[in-house]
Amino acid sequence: MNEFPESYQYMIKVLNPNQTGVSKRKKHIKKLAEKKRNKHVQVAETNVNVETNINVEDNEESLWKNKRDVESDDEIIWGDDDLDRNQDNLFQILMVQMQNYILPTRRSTYTGNSARTKRRHHAQTKKDAEKNVINSLETQLKEKNLDEGYKLRLTALLQYIRLFEFQDSKLKTSLSVAQQLKKGPWFARCLHL
Numbered sequence: 055m056n057e058f059p060e061s062y063q064y065m066i067k068v069l070n071p072n073q074t075g076v077s078k079r080k081k082h083i084k085k086l087a088e089k090k091r092n093k094h095v096q097v098a099e100t101n102v103n104v105e106t107n108i109n110v111e112d113n114e115e116s117l118w119k120n121k122r123d124v125e126s127d128d129e130i131i132w133g134d135d136d137l138d139r140n141q142d143n144l145f146q147i148l149m150v151q152m153q154n155y156i157l158p159t160r161r162s163t164y165t166g167n168s169a170r171t172k173r174r175h176h177a178q179t180k181k182d183a184e185k186n187v188i189n190s191l192e193t194q195l196k197e198k199n200l201d202e203g204y205k206l207r208l209t210a211l212l213q214y215i216r217l218f219e220f221q222d223s224k225l226k227t228s229l230s231v232a233q234q235l236k237k238g239p240w241f242a243r244c245l246h247l
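Yeah, the sequence shown ends on 247 if you go by the numbering used here, and it's all consecutive.
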């Protein structure tokens with residue numbers, strides 16, 4: 055019998071792992087390995103049984119039957135008289151089509167939604183939008199029936215957009231435009247918003 059009471063038996067198993075049982079996982083792995091081993095043994099036994107029961111005469115007869123079946127199948131599958139009769143015409147059609155062949159202008163791979171393509175399209179759209187804004191502001195300024203304040207704001211916006219391409223920050227650009235038009239910092243703040 056055990057020298058320790060039941061409450062200490064658990065502690066002994068934890069402290070002494072050699073006495074613990076095999077885990078469920080290890081049991082499962084061993085069972086799978088044994089099944090695999092038994093399966094290979096059964097396959098090997100059936101192969102030996104098949105090899106010992108071979109009858110030479112039956113084997114030759116089955117080979118001749120299979121050979122006849124294969125020959126008849128080949129004639130049916132490959133017997134294409136239309137191709138034999140029209141091979142010159144088909145070859146001529148292929149040659150004409152090759153002479154008129156046009157290389158495809160589109161790529162064979164789709165690159166429409168890649169991150170780089172999206173960035174490139176976005177940058178191009180921004181450039182086009184800036185050009186359109188400048189053109190529209192210039193056409194509005196050419197109209198003769200404009201209010202003086204409105205004309206001043208359009209001029210300031212046009213200068214701001216043109217200068218923004220060359221200067222670092224929006225604040226510096228708006229301040230320089232306000233100074234050119236003899237306006238204060240409030241006007242500059244309204245521009246760079």
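Cβ coordinates follow ideal geometry from the N, Cα and C atoms, glycine included.
Tell me the DSSP secondary structure of N84 in three-state form.
What sits at residue 84 in the sequence shown is Lys, not Asn. Reduced to three states, the DSSP call for K84 is helix.
Do you know how far the Cα of S230 is from the Cα of G203?
19 Å
When burial is assigned at 16 or more other CB atoms within 10 Å of the CB, is Q255 buried or exposed?
Not covered by the structure: residue 255. The range shown for the chain is 55 to 247.
In its own chain, which residues sit with a C-beta less than 8 Å from the C-beta of F218, not counting the 5 before and 5 after it?
K224, T227
Which stretch, first to last residue, makes up the alpha helix (DSSP H) that contains S223?
Taken as a continuous stretch (DSSP letters only), S223 belongs to no alpha helix (DSSP H), as it is neither H nor E.
I think L208 touches L235, with their Cβ atoms under 8 Å apart; what is that distance to the nearest whole Å?
The pair is not a contact, with the Cβ atoms about 11 Å apart (cut-off 8 Å).
Could you work out which residue in L206, N167, A87, S162 is closest to F241 when comparing CA atoms only?
L206
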